[in-house]
Ligand code: MLT
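In the working numbering, the protein residues as written are 29 to 427.
See below:
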């Protein structure tokens with residue numbers, strides 16, 4: 029009889045954002061007139077930049093003509109997009125890459141999950157807490173031992189290794205989802221040195237790099253010396269260019285990473301050519317447009333819109349007197365709710381009809397905290413924050 033992967037039995041019943049969506053749905057069914065505003069999953073609301081739309085339309089036309097039609101593309105992506113990303117790294121971060129170190133995907137989430145195929149299940153995985161839940165869940169699925177390194181207010185939610193830290197596969201996310209904290213170059217150097225000394229690999233999630241406003245903060249781990257021998261970087265156009273529904277991302281696997289004489293880049297290429305047939309041509313043309321000066325300016329307009337939303341959320345929390353961090357180099361505001369995170373979720377949903385994300389969904393260290401996203405529309409963000417302010421004013425009165 030067939031045997032199932034019993035590791036799935038060790039997962040929580042549902043993925044964090046699927047669980048939240050279910051709770052919102054149930055609440056709405058019980059309260060049909062409730063006008064719920066979602067500041068929970070980080071899903072964008074601004075339309076694609078016009079330059080991207082034009083490129084998508086042009087590519088669609090090409091697919092409708094025998095002369096320009098395309099079938100299978102290279103699994104690792106089209107050269108035109110690899111080249112555009114290579115140039116982006118050079119101009120934005122001063123990082124030199126080879127085009128063949130860049131693999132185009134349908135988003136960072138898939139690659140972050142799939143990359144675990146490269147490693148034996150015997151490895152110990154080191155994951156900061158709190159963090160994006162995909163790292164934990166994908167490794168639970170593979171039955172790996174996971175150890176956590178604590179992020180807290182004292183270390184600015186940017187944990188660093190010490191002499192007792194152990195981990196073969198290390199996940200880092202900067203700007204951090206959920207806290208918005210960003211590692212400095214000096215802090216990343218500590219991680220890179222640790223990985224080199226211990227023969228570990230860093231899986232660096234840079235999905236929110238475009239939100240960094242401080243020019244002194246690194247947008248790529250490859251800005252740090254030595255990183256090309258121990259780090260793989262995952263990035264996505266979901267938040268940079270509003271591609272949550274369009275789907276495109278990229279993973280940089282440097283050729284300098286050799287493990288027991290085996291090139292990780294070659295292994296990933298082998299894996300992708302076997303299990304992946306590439307991202308759609310039309311989408312890759314849209315992605316290429318993101319990296320043109322005009323296209324990037326269009327995307328930045330949207331990013332600035334979300335930054336303004338983050339300011340609205342932050343100033344409301346200031347008025348209420350709630351401690352928070354994030355929102356400056358990141359689209360997420362991480363606040364201290366002063367109670368069980370899920371109780372706070374229920375309170376906001378019931379009293380303000382606003383949904384957020386409980387901090388404990390990102391790990392034990394997230395308990396007592398709560399995440400709000402700046403990705404909703406201006407109108408809904410203003411309305412949500414007005415409602416939350418009112419709830420707190422009423423709570424104050426009744427105490
Ligand atoms: C989030 O809300 O943390 C993200 O949008 C989820 C994701 O990117 O998969």
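The C-beta atom is built at its ideal place from N, Cα and C for all residues, glycine as well.
Predicted model, so just to flag it, every value in this text is computed and none were measured.
In the structure shown, residue 320 falls within a coil segment according to DSSP collapsed to helix, strand and coil.
Within the model, the alpha-carbon separation for residue 47 versus residue 137 is close to 17 angstroms. Between residue 366 and residue 264, the C-beta gap is not smaller than 9 angstroms, which leaves the two residues out of contact. Close CB contacts of residue 141 within its chain, under the 7 angstroms cut and outside five residues either way in sequence, are with 162, 166 (chain order). Cβ neighbours of residue 83 within its own chain (closer than 7 angstroms, five residues either side excluded): 313, 314, 316, 317.
Apart from the 5 residues on each side of it in sequence, residue 90 sits with its Cβ closer than 6 angstroms to the Cβ of 96 in its chain, given in chain order. With respect to the 9 angstroms criterion, residue 180 and residue 393 are classified as neighbours on the basis of their beta carbons. Rounded to the nearest whole angstrom, the C-alpha separation of residue 411 and residue 63 is 11 angstroms. The DSSP assignment places no complete beta strand (DSSP E) segment of no fewer than 3 residues inside the region 362 to 390. Residue 299 is positioned such that its CB atom lies no closer than 9 angstroms to that of residue 169.
Per DSSP, the continuous alpha helix (DSSP H) segment holding residue 265 begins and ends at 265 to 268.
A direct Cα-Cα distance of roughly 10 angstroms separates residue 288 from residue 227.
At the C-beta level, residue 199 and residue 153 come within 9 angstroms of one another.
The closest heavy atom of the ligand MLT lies less than 8 angstroms from the beta carbon of residue 235. Between the C-alpha atoms of residue 374 and residue 59 there is a straight-line separation of about 14 angstroms. The three-state reading of DSSP puts residue 239 in helix, counting H, G and I together. Scanning the region 126 to 169 from its first residue to its last, the whole alpha helix (DSSP H) runs of 4-plus residues come out as 136 to 142, 162 to 169. In the DSSP assignment, residue 173 is bridged to 152. Take residue 322, set aside five residues on each side of it, and the residues of its chain with a beta-carbon closer than 6 angstroms to its own are 79, in chain order. Around the beta carbon of residue 274, 16 or more other beta carbons sit within 10 angstroms, so the residue counts as buried. Between residue 191 and residue 103, the alpha-carbon positions lie close to 41 angstroms from each other. Shortest Cα-Cα distance from residue 92 to any of 351, 309, 330 involves 309. Here residue 250 carries a helix assignment [DSSP, helix/strand/coil]. Under a 10 Å Cβ-count criterion, residue 237 is classified as buried, with 16 or more other Cβ atoms of the shown protein chains found around its own Cβ. In this structure, DSSP gives residue 50 a helical state, which the three-state scheme calls helix. Contact check for residue 218 against residue 259 fails: the beta carbons are separated by 9 angstroms or more.
Per DSSP, the continuous alpha helix (DSSP H) segment holding residue 116 begins and ends at 107 to 116. Taking the CA atoms as reference points, residue 362 sits about 36 angstroms from residue 105.
In the structure shown, residue 272 falls within a coil segment according to DSSP collapsed to helix, strand and coil. The Cβ atoms of residue 38 and residue 171 lie closer than 9 angstroms to each other.
Contact check for residue 239 against residue 331 passes: the beta carbons are separated by less than 9 angstroms.
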